[in-house]
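Right, one structure below, let's go through it.
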Amino acid sequence: SLQAHLQEFGINDLTSVNILCDRGSNFVKGFRDYDPLFCYGHPLNNILKTSVFSKCKKQKKHSCSTSTVDIATSSNNSTVRKEQKNTLSSISDILSNEDEFEDDEDVLISIPVTRNRKKKDDNQQLSAKASVDDIPNEAKAVLLTLSQYAIKLIQVGNSPSLHMVLLCTQTLSDALKSYDPLVNYNNIRDDHQLEQLDEAHDDILEQLERIKFFLNRMRNLLNEMLVLDLRRYAATALHAKYRSLKSYTFIERSQCYHYIRPRLQLIDISPNELNQRQTKEPTAKRFKADPFRRFESGDLSSQQGTSGEFGNESEEYPFATRSIFSIPATSVGVEREFSAAGLVIQERRTNLNPEQLDNILLQ
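Position in the sequence shown counted from 1, then plus 6, gives you my numbering.
Here it is as C-alpha coordinates:
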(Lines of atoms letter the chains of each structure in order from A and count residues from 1; the text may use other names and numbers.)
(Lines give C-alpha, C1' and ligand atoms only; values in the text may rest on other atoms or scores of the structure.)
Protein backbone atom coordinates (compact mmCIF):
# COMPACT_ATOMS: atom_id res chain seq x y z
CA SER A 1 0.00 0.00 0.00
CA LEU A 2 2.87 2.39 0.75
CA GLN A 3 4.48 1.75 -2.62
CA ALA A 4 1.15 2.38 -4.37
CA HIS A 5 0.86 5.82 -2.72
CA LEU A 6 4.49 6.69 -3.47
CA GLN A 7 4.03 5.90 -7.15
CA GLU A 8 1.71 8.91 -7.35
CA PHE A 9 4.77 11.08 -6.61
CA GLY A 10 7.00 9.29 -9.11
CA ILE A 11 8.78 7.10 -6.52
CA ASN A 12 8.86 3.56 -7.87
CA ASP A 13 11.76 2.15 -5.85
CA LEU A 14 11.98 2.44 -2.06
CA THR A 15 15.70 1.69 -2.10
CA SER A 16 16.32 5.17 -3.50
CA VAL A 17 14.40 6.79 -0.62
CA ASN A 18 16.00 7.80 2.67
CA ILE A 19 13.68 6.40 5.34
CA LEU A 20 13.79 7.86 8.86
CA CYS A 21 11.71 6.25 11.60
CA ASP A 22 11.81 5.35 15.26
CA ARG A 23 12.64 1.90 16.62
CA GLY A 24 9.09 0.64 16.75
CA SER A 25 8.78 -3.06 16.02
CA ASN A 26 6.44 -2.44 13.08
CA PHE A 27 8.84 0.07 11.47
CA VAL A 28 11.92 -2.06 12.04
CA LYS A 29 10.25 -5.10 10.51
CA GLY A 30 8.61 -3.23 7.64
CA PHE A 31 11.71 -1.28 6.55
CA ARG A 32 14.42 -3.82 7.34
CA ASP A 33 15.14 -4.37 3.61
CA TYR A 34 15.54 -0.64 2.85
CA ASP A 35 18.34 0.35 5.27
CA PRO A 36 16.35 2.84 7.38
CA LEU A 37 17.89 5.54 9.53
CA PHE A 38 16.52 5.62 13.06
CA CYS A 39 15.56 8.72 14.99
CA TYR A 40 18.24 10.25 17.22
CA GLY A 41 15.91 11.95 19.68
CA HIS A 42 14.19 8.80 20.95
CA PRO A 43 17.40 7.12 22.24
CA LEU A 44 18.41 10.32 24.04
CA ASN A 45 15.03 10.46 25.74
CA ASN A 46 15.30 6.78 26.67
CA ILE A 47 18.76 7.35 28.13
CA LEU A 48 17.40 10.07 30.41
CA LYS A 49 14.49 7.88 31.48
CA THR A 50 16.72 4.87 32.12
CA SER A 51 19.46 6.81 33.91
CA VAL A 52 17.24 8.21 36.65
CA PHE A 53 14.25 6.68 38.37
CA SER A 54 11.25 8.96 38.31
CA LYS A 55 9.95 7.80 41.67
CA CYS A 56 11.07 5.36 44.33
CA LYS A 57 9.11 2.18 44.73
CA LYS A 58 6.74 2.21 47.66
CA GLN A 59 7.58 -0.33 50.33
CA LYS A 60 4.76 -2.71 51.07
CA LYS A 61 3.98 -3.22 54.75
CA HIS A 62 3.57 -6.85 55.74
CA SER A 63 2.68 -7.81 59.29
CA CYS A 64 4.24 -11.09 60.33
CA SER A 65 1.78 -11.59 63.20
CA THR A 66 -1.28 -11.76 60.96
CA SER A 67 0.38 -14.23 58.64
CA THR A 68 1.39 -16.49 61.51
CA VAL A 69 -2.11 -16.37 62.95
CA ASP A 70 -3.62 -17.34 59.62
CA ILE A 71 -1.22 -20.20 59.21
CA ALA A 72 -1.78 -21.30 62.78
CA THR A 73 -5.56 -21.29 62.41
CA SER A 74 -5.31 -23.21 59.15
CA SER A 75 -3.07 -25.79 60.79
CA ASN A 76 -5.46 -26.06 63.77
CA ASN A 77 -8.38 -26.61 61.41
CA SER A 78 -6.44 -29.33 59.64
CA THR A 79 -5.68 -31.05 62.95
CA VAL A 80 -9.34 -30.81 63.99
CA ARG A 81 -10.41 -32.45 60.75
CA LYS A 82 -7.85 -35.16 61.26
CA GLU A 83 -9.19 -35.82 64.76
CA GLN A 84 -12.77 -36.02 63.46
CA LYS A 85 -11.83 -38.49 60.80
CA ASN A 86 -9.63 -40.61 63.06
CA THR A 87 -11.85 -40.89 66.14
CA LEU A 88 -11.35 -44.66 66.16
CA SER A 89 -7.59 -44.43 65.79
CA SER A 90 -5.21 -45.65 68.40
CA ILE A 91 -3.42 -43.64 71.05
CA SER A 92 -0.18 -43.89 69.15
CA ASP A 93 -1.75 -42.12 66.19
CA ILE A 94 -2.94 -39.32 68.46
CA LEU A 95 0.52 -38.95 69.92
CA SER A 96 1.98 -38.83 66.46
CA ASN A 97 -0.52 -36.10 65.54
CA GLU A 98 0.56 -34.13 68.60
CA ASP A 99 4.18 -34.50 67.58
CA GLU A 100 3.33 -33.25 64.11
CA PHE A 101 1.51 -30.28 65.62
CA GLU A 102 4.59 -29.43 67.68
CA ASP A 103 6.68 -29.65 64.51
CA ASP A 104 4.23 -27.30 62.80
CA GLU A 105 4.67 -24.82 65.64
CA ASP A 106 8.41 -24.96 65.18
CA VAL A 107 7.97 -24.26 61.47
CA LEU A 108 5.61 -21.37 62.22
CA ILE A 109 8.21 -19.80 64.47
CA SER A 110 10.82 -19.99 61.74
CA ILE A 111 8.60 -18.54 58.96
CA PRO A 112 8.64 -14.91 60.19
CA VAL A 113 12.43 -15.08 60.44
CA THR A 114 12.78 -15.98 56.77
CA ARG A 115 10.26 -13.31 55.75
CA ASN A 116 12.03 -10.66 57.77
CA ARG A 117 15.27 -11.65 56.08
CA LYS A 118 13.61 -11.31 52.67
CA LYS A 119 12.27 -7.91 53.64
CA LYS A 120 15.75 -6.88 54.63
CA ASP A 121 17.08 -7.83 51.22
CA ASP A 122 14.32 -5.84 49.51
CA ASN A 123 15.07 -2.80 51.64
CA GLN A 124 18.74 -3.04 50.79
CA GLN A 125 17.92 -3.19 47.08
CA LEU A 126 15.60 -0.20 47.31
CA SER A 127 18.18 1.81 49.23
CA ALA A 128 20.82 0.94 46.60
CA LYS A 129 18.62 2.36 43.84
CA ALA A 130 18.73 6.11 43.53
CA SER A 131 15.85 8.36 42.60
CA VAL A 132 15.75 11.65 40.75
CA ASP A 133 14.52 13.22 44.01
CA ASP A 134 17.88 12.39 45.60
CA ILE A 135 19.75 14.66 43.17
CA PRO A 136 20.44 18.17 44.51
CA ASN A 137 18.77 20.96 42.60
CA GLU A 138 21.93 22.57 41.25
CA ALA A 139 23.39 19.23 40.16
CA LYS A 140 20.06 18.28 38.58
CA ALA A 141 20.06 21.50 36.58
CA VAL A 142 23.59 20.86 35.35
CA LEU A 143 22.87 17.23 34.49
CA LEU A 144 19.55 17.66 32.72
CA THR A 145 20.30 20.96 30.98
CA LEU A 146 23.04 19.30 28.95
CA SER A 147 20.73 16.64 27.48
CA GLN A 148 17.83 19.03 27.02
CA TYR A 149 20.02 21.45 25.08
CA ALA A 150 21.28 18.63 22.83
CA ILE A 151 17.73 17.49 22.10
CA LYS A 152 16.63 21.06 21.38
CA LEU A 153 19.62 21.57 19.08
CA ILE A 154 18.72 18.70 16.75
CA GLN A 155 14.97 19.32 16.68
CA VAL A 156 14.94 21.83 13.83
CA GLY A 157 12.64 21.70 10.86
CA ASN A 158 13.87 24.41 8.46
CA SER A 159 17.59 23.61 8.26
CA PRO A 160 19.84 20.53 7.99
CA SER A 161 20.34 18.78 11.31
CA LEU A 162 21.87 15.38 10.52
CA HIS A 163 25.43 16.69 10.89
CA MET A 164 24.64 17.77 14.47
CA VAL A 165 24.22 14.16 15.62
CA LEU A 166 27.94 13.44 15.85
CA LEU A 167 28.62 16.83 17.41
CA CYS A 168 25.98 16.34 20.10
CA THR A 169 27.16 12.81 20.83
CA GLN A 170 30.78 13.89 21.13
CA THR A 171 29.82 16.83 23.34
CA LEU A 172 27.76 14.64 25.66
CA SER A 173 30.47 12.00 25.98
CA ASP A 174 33.17 14.61 26.67
CA ALA A 175 31.06 16.49 29.20
CA LEU A 176 30.15 13.34 31.13
CA LYS A 177 33.74 12.16 31.55
CA SER A 178 34.43 14.37 34.57
CA TYR A 179 32.85 17.12 36.64
CA ASP A 180 34.77 20.15 35.36
CA PRO A 181 33.80 19.82 31.66
CA LEU A 182 30.18 19.32 32.66
CA VAL A 183 30.11 22.48 34.80
CA ASN A 184 32.03 24.53 32.23
CA TYR A 185 29.68 23.48 29.44
CA ASN A 186 26.65 24.40 31.51
CA ASN A 187 28.11 27.80 32.41
CA ILE A 188 28.95 28.55 28.79
CA ARG A 189 25.32 27.88 27.87
CA ASP A 190 24.10 30.16 30.70
CA ASP A 191 25.89 33.48 30.33
CA HIS A 192 24.10 35.01 33.28
CA GLN A 193 25.81 32.54 35.63
CA LEU A 194 29.36 33.49 34.60
CA GLU A 195 29.59 36.16 37.30
CA GLN A 196 28.67 33.67 40.03
CA LEU A 197 30.88 30.91 38.62
CA ASP A 198 33.67 31.21 41.20
CA GLU A 199 31.28 31.20 44.15
CA ALA A 200 29.07 28.32 43.04
CA HIS A 201 31.78 26.23 41.35
CA ASP A 202 32.87 24.42 44.52
CA ASP A 203 29.29 23.80 45.66
CA ILE A 204 28.28 22.32 42.30
CA LEU A 205 31.35 20.08 42.22
CA GLU A 206 30.53 18.83 45.71
CA GLN A 207 26.98 18.04 44.66
CA LEU A 208 28.11 16.36 41.45
CA GLU A 209 30.30 14.00 43.45
CA ARG A 210 27.15 12.70 45.13
CA ILE A 211 25.58 11.78 41.80
CA LYS A 212 28.58 9.97 40.37
CA PHE A 213 26.27 6.99 39.85
CA PHE A 214 24.12 8.98 37.41
CA LEU A 215 27.08 10.31 35.46
CA ASN A 216 28.58 6.86 34.97
CA ARG A 217 25.21 5.39 34.09
CA MET A 218 24.46 8.06 31.49
CA ARG A 219 27.91 7.71 29.93
CA ASN A 220 27.61 3.91 29.66
CA LEU A 221 24.10 4.09 28.22
CA LEU A 222 25.25 6.73 25.75
CA ASN A 223 27.92 4.36 24.43
CA GLU A 224 25.63 1.33 24.35
CA MET A 225 22.29 2.67 23.11
CA LEU A 226 23.45 5.13 20.44
CA VAL A 227 24.36 3.37 17.19
CA LEU A 228 25.77 5.90 14.71
CA ASP A 229 25.14 5.27 11.03
CA LEU A 230 27.62 6.05 8.25
CA ARG A 231 25.23 8.63 6.84
CA ARG A 232 25.63 10.67 10.01
CA TYR A 233 29.40 10.59 9.60
CA ALA A 234 28.98 11.56 5.95
CA ALA A 235 26.76 14.52 6.85
CA THR A 236 29.41 15.83 9.23
CA ALA A 237 32.22 15.25 6.71
CA LEU A 238 30.31 17.05 3.94
CA HIS A 239 29.76 20.09 6.16
CA ALA A 240 32.27 22.84 5.41
CA LYS A 241 32.96 23.57 9.07
CA TYR A 242 33.31 20.03 10.44
CA ARG A 243 34.73 18.16 7.45
CA SER A 244 38.05 17.26 9.10
CA LEU A 245 36.52 14.79 11.63
CA LYS A 246 39.46 15.33 13.99
CA SER A 247 37.76 13.80 17.02
CA TYR A 248 37.21 10.42 15.38
CA THR A 249 39.43 7.44 14.68
CA PHE A 250 41.18 6.61 11.43
CA ILE A 251 38.85 3.65 10.86
CA GLU A 252 35.75 5.83 11.21
CA ARG A 253 37.13 8.43 8.83
CA SER A 254 38.17 5.84 6.24
CA GLN A 255 34.74 4.17 6.32
CA CYS A 256 33.08 7.56 5.95
CA TYR A 257 35.24 8.52 2.95
CA HIS A 258 34.67 5.10 1.37
CA TYR A 259 30.93 5.75 1.67
CA ILE A 260 31.13 9.26 0.18
CA ARG A 261 33.47 8.73 -2.79
CA PRO A 262 31.16 6.66 -5.05
CA ARG A 263 28.27 9.05 -4.37
CA LEU A 264 30.29 12.08 -5.38
CA GLN A 265 30.45 10.66 -8.91
CA LEU A 266 26.71 11.26 -9.28
CA ILE A 267 27.19 15.02 -9.77
CA ASP A 268 25.40 16.32 -12.85
CA ILE A 269 28.34 17.95 -14.65
CA SER A 270 26.59 18.45 -17.99
CA PRO A 271 26.67 22.27 -18.49
CA ASN A 272 23.95 24.20 -20.20
CA GLU A 273 24.43 25.77 -23.63
CA LEU A 274 24.08 29.20 -22.12
CA ASN A 275 26.92 28.55 -19.71
CA GLN A 276 29.12 27.32 -22.58
CA ARG A 277 28.55 30.54 -24.53
CA GLN A 278 29.32 32.64 -21.50
CA THR A 279 32.60 30.85 -20.89
CA LYS A 280 33.78 31.46 -24.51
CA GLU A 281 33.13 35.20 -24.38
CA PRO A 282 35.49 37.37 -22.32
CA THR A 283 34.08 38.60 -19.08
CA ALA A 284 33.18 42.28 -18.99
CA LYS A 285 34.83 44.56 -16.50
CA ARG A 286 32.82 44.94 -13.35
CA PHE A 287 32.31 48.37 -11.82
CA LYS A 288 31.63 48.83 -8.18
CA ALA A 289 28.10 49.99 -7.59
CA ASP A 290 27.22 52.61 -5.07
CA PRO A 291 25.72 50.74 -2.08
CA PHE A 292 23.49 53.71 -1.16
CA ARG A 293 22.01 54.28 -4.62
CA ARG A 294 19.35 51.63 -4.13
CA PHE A 295 18.07 53.47 -1.07
CA GLU A 296 17.90 56.76 -2.98
CA SER A 297 15.93 55.24 -5.86
CA GLY A 298 13.68 53.25 -3.56
CA ASP A 299 13.76 50.19 -5.82
CA LEU A 300 14.88 47.29 -3.63
CA SER A 301 13.34 44.48 -5.67
CA SER A 302 16.36 44.13 -7.96
CA GLN A 303 18.77 43.93 -5.05
CA GLN A 304 16.78 41.39 -3.04
CA GLY A 305 16.42 38.77 -5.77
CA THR A 306 18.93 36.35 -4.23
CA SER A 307 16.71 33.27 -4.45
CA GLY A 308 17.52 32.81 -8.12
CA GLU A 309 21.25 32.61 -7.44
CA PHE A 310 20.83 29.85 -4.88
CA GLY A 311 18.40 28.10 -7.19
CA ASN A 312 21.03 27.94 -9.94
CA GLU A 313 23.61 26.60 -7.50
CA SER A 314 21.30 23.76 -6.49
CA GLU A 315 21.65 22.26 -9.96
CA GLU A 316 25.42 22.00 -9.61
CA TYR A 317 25.43 20.99 -5.94
CA PRO A 318 26.61 17.40 -5.31
CA PHE A 319 23.93 14.77 -5.34
CA ALA A 320 25.38 13.11 -2.23
CA THR A 321 25.20 16.30 -0.19
CA ARG A 322 21.62 17.02 -1.22
CA SER A 323 20.45 13.48 -0.50
CA ILE A 324 22.19 13.24 2.88
CA PHE A 325 21.39 16.71 4.21
CA SER A 326 17.74 16.22 3.31
CA ILE A 327 17.52 13.61 6.08
CA PRO A 328 16.45 15.13 9.42
CA ALA A 329 18.11 14.04 12.64
CA THR A 330 14.81 13.25 14.33
CA SER A 331 11.33 12.27 13.25
CA VAL A 332 9.73 14.88 15.51
CA GLY A 333 8.79 17.22 12.66
CA VAL A 334 6.89 14.54 10.77
CA GLU A 335 5.17 13.36 13.95
CA ARG A 336 4.07 16.91 14.72
CA GLU A 337 2.68 17.33 11.21
CA PHE A 338 0.69 14.12 11.50
CA SER A 339 -0.64 15.06 14.92
CA ALA A 340 -1.57 18.57 13.72
CA ALA A 341 -3.28 17.14 10.63
CA GLY A 342 -5.18 14.72 12.84
CA LEU A 343 -6.43 17.57 15.02
CA VAL A 344 -7.54 19.55 11.95
CA ILE A 345 -9.39 16.58 10.51
CA GLN A 346 -11.05 15.82 13.84
CA GLU A 347 -12.17 19.44 14.23
CA ARG A 348 -13.62 19.56 10.74
CA ARG A 349 -15.34 16.22 11.14
CA THR A 350 -17.08 17.38 14.29
CA ASN A 351 -18.25 20.65 12.70
CA LEU A 352 -19.56 19.18 9.45
CA ASN A 353 -22.64 17.24 8.57
CA PRO A 354 -21.90 13.48 8.65
CA GLU A 355 -23.11 13.20 5.06
CA GLN A 356 -20.39 15.62 3.87
CA LEU A 357 -17.38 13.90 5.49
CA ASP A 358 -16.15 12.54 2.17
CA ASN A 359 -16.00 16.05 0.69
CA ILE A 360 -13.42 17.43 3.12
CA LEU A 361 -10.63 19.41 1.46
CA LEU A 362 -7.39 20.05 3.33
CA GLN A 363 -5.19 22.96 2.30
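Heads up, the beta-carbon is just placed ideally off N, CA and C, and yes, glycines get one too.
- DSSP, read as helix, strand or coil, puts L234 in coil.
- Beta-bridge pairing by DSSP links L244 to no other residue.
- For A240, same chain residues with a beta-carbon under 7 Å away, outside a window of 5 residues either side, are C262, Y265, I266, I330 in chain order.
- Selection L173, G30, R225, R249 evaluated against S337 yields G30 as nearest (Cα-Cα).
- If you draw a 10 Å sphere on the C-beta of L168, you find 16 or more other C-beta atoms in it, and that means buried.
- The C-beta distance from M224 to S57 rounds to 5 Å, short enough to fall under 8 Å.
- Per DSSP, the continuous alpha helix (DSSP H) segment holding Y265 begins and ends at 256-270.
- For Y254, same chain residues with a beta-carbon under 6 Å away, outside a window of 5 residues either side, do not exist.
- Residue pairing by DSSP puts L26 in a beta bridge opposite L43.
- Judged by their CB atoms, I17 and D41 are not nearer to each other than the 9 Å cut-off.
- Of all alpha-carbon atoms in L270, Q271, A243, the one lying nearest the alpha-carbon of S260 is that of A243.
- By the neighbour-count criterion, in which 16 or more other beta carbons inside 10 Å mark a residue as buried, A181 falls on the buried side.
- Using a 10 angstroms sphere on the CB of A335, the tally of other CB atoms reaches 16 or more, which defines it as buried.
- The C-alpha of R328 lies about 14 Å from the C-alpha of R238.
- With 16 or more other CB atoms across the displayed protein chains lying within 10 angstroms of its CB, L50 is buried.
- Inter-residue distance for R269 and I53 is about 34 Å (C-alpha atoms, whole angstroms).
- Distance from the CA atom of P166 to the CA atom of I333, rounded to whole angstroms, is 8 Å.
- Around the beta carbon of F256, a 10 Å sphere encloses fewer than 16 other beta carbons of the protein chains shown; the residue is thus reported as exposed.
- Here the alpha carbon of G47 sits roughly 31 Å from the alpha carbon of E14.
- In the structure shown, T21 falls within a helical segment according to DSSP collapsed to helix, strand and coil.
- Here L234 is near V171, since their CB atoms are less than 9 Å apart.
- Here the C-alpha atom of R249 lies approximately 23 Å from the C-alpha atom of Y155.
- Residues G47, T336, V338 of the same chain have their beta carbon placed closer than 7 Å to that of Q161, with the five preceding and five following residues left out of the count.
- Annotation: K183 to F219 spans about 12 Å, alpha carbon to alpha carbon.
- Non-local C-beta neighbours of L221 in its own chain, meaning closer than 6 Å and more than five positions away in sequence, comprise L182, ordered along the chain.
- Counting the other CB atoms within 10 Å of its CB gives L43 a total of 16 or more, which places it among the buried residues.
- Closest by C-alpha distance to L173, out of L227, K252, F37, N164, is K252.
- N164 and L227 have their alpha carbons spaced roughly 30 Å apart.
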